[in-house]
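**Student:**
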Amino acid sequence: MNAGRKIAFFDSGQGGLTVWESVVKKHPQLNTVYLGDNARYPYGNKGSETVTRYASEAILFLAAQQAELIIVACGTASSVAVARLKQVFRLPVIGIVEGFCAEASSLCTEGRRVAVLGTRFTVASGRFEAELKKCGVNLVWQKACPLFVPLVEEGISEGDIAKAACTLYLNDMPDDVDVVMLACTHFPRFAKIIASTLGQKTGRKVVFKSADGEAVLCDSNSEAPPLVLLDSSSAIVSSVDSFLLTHPSPSEFMGKQCDIFCTDAPARFAQVAQVFAHTELPSPRLISLGSL
Ligand code: DGL
């Protein structure tokens, strides 16, 4: 058992590794622990009571691993469970909603619209819409895109099938959208095909903005301002920065320890993990949570 203080990441599966990777890129010495609850994945089609129970069990496990900050790197759990988790646990719990919505609102021109793409229950919760309204964005278009999740996991992020899924979900996106939020931690790995679909539909340049900076994913000569495809990583990296800056002993989090845990089939978990993390990961260890 490693003794260093750690920052914990939790997701229904491997998608949260997109967030984990951005944080570790910024803080390469950080001690981290990642838990993917793949035995009970997907969360996106489950209700808030169930997801809150699953997430609570995950946090109890992570707390026992010397985690001092819990990052819920899952759009669904962040939408339907984090508010309750913050009340129940003494440990600080951060989801992807608040900082991400603040960032989206800062990129949206007044009177224009923000689009939110997430799982079925992220969209049904209305959590992103409510938070965006708090940040002054009154026009919000939401779309549940559940098929993106298994496609990304199968490594199908381009070609006819990926394109058909994008067209199915994005065809009716209104023209006044400035910012498209990837409100599911799987979706950054689908960004290219989303961008090309939206570029074709709108004729606008599409720029992907993440903790790694900005990249043009679909170019255009149009004079219109670019459409911004936004992922949650920069907001989470900022939250980790603030946590470390205000912590009395941040050096105790530095030791480059990394533990990965999963709740089912570690070999398959490791295989899918490579879709989301580009760095080499330690072998995942199998654990059992609460009612499993
Ligand atoms: N990690 C989930 C999210 O970000 C997507 C996969 C799932 O449905 O569990 O919403």
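The number in my numbering is simply the position in the sequence shown, starting from 1, with 1085 added. Glycine is no exception: its CB is placed at the ideal position from the N, C-alpha and C atoms. As the structure is a computational prediction, the values presented were derived from the model and not from experiment.
Would you list the one or two residues that DSSP bridges to residue 1205?
**Tutor:** Answer by DSSP bridge pairing: none, since residue 1205 is not bridged.
**Student:** According to the Cβ coordinates, are residue 1116 and residue 1340 closer than 8 Å?
**Tutor:** It is a contact, given that the beta carbons lie within the stated cut-off.
**Student:** Sorry if obvious, but does the Cβ on residue 1186 come closer than 7 Å to a heavy atom of ligand 1?
**Tutor:** No, ligand 1 has no heavy atom inside 7 Å of this Cβ.
**Student:** How many Å lie between residue 1135 and residue 1342 at the Cα?
**Tutor:** About 31 Å.
**Student:** Along the chain, which unbroken stretches of the alpha helix (DSSP H) at least 4 residues long are found entirely within the region 1216-1276?
**Tutor:** Runs of the alpha helix (DSSP H) inside the region 1216-1276: 1233-1238 and 1245-1255.
**Student:** Tell me which same chain residues have a C-beta within less than 8 Å of the C-beta of residue 1146, skipping the five on either side of it?
**Tutor:** So the list reads 1120, 1346, 1372 and 1374, once near-sequence residues are dropped.
**Student:** Would you mind working out which of 1349, 1243, 1294 and 1175 sits nearest residue 1317, comparing C-alpha positions?
**Tutor:** Minimum Cα distance to residue 1317 is reached at 1294.
**Student:** When the Cβ atoms of the region 1295-1311 are set against those of the region 1145-1162, are three or more pairs found closer than 8 Å?
**Tutor:** Touching, no, given that fewer than three Cβ pairs across the two stretches are closer than 8 Å.
**Student:** Who are the near neighbours of residue 1214 in its chain, counting only those whose CB is closer than 8 Å to its CB and skipping five residues on each side?
**Tutor:** Once the five neighbours on either side are set aside, the close Cβ partners of residue 1214 are 1201, 1225 and 1227.
**Student:** So for residue 1122, helix, strand or coil by DSSP?
**Tutor:** Here residue 1122 sits in coil by DSSP.
**Student:** When you compare each of 1212, 1204, 1223 and 1366 to residue 1127 by their alpha carbons, which one comes out closest?
**Tutor:** The option with the nearest alpha carbon to residue 1127 is 1204.
**Student:** Can you give the beta carbon distance from residue 1282 to residue 1315, rounded, assuming they're within the 8 Å contact cut?
**Tutor:** Actually they are not in contact, since the Cβ atoms of residue 1282 and residue 1315 sit about 16 Å apart, beyond 8 Å.
**Student:** Could you pull out every residue in the same chain whose Cβ sits closer than 6 Å to the Cβ of residue 1180, ignoring the five residues on either side in sequence?
**Tutor:** So the list reads 1157, 1163 and 1167, once near-sequence residues are dropped.
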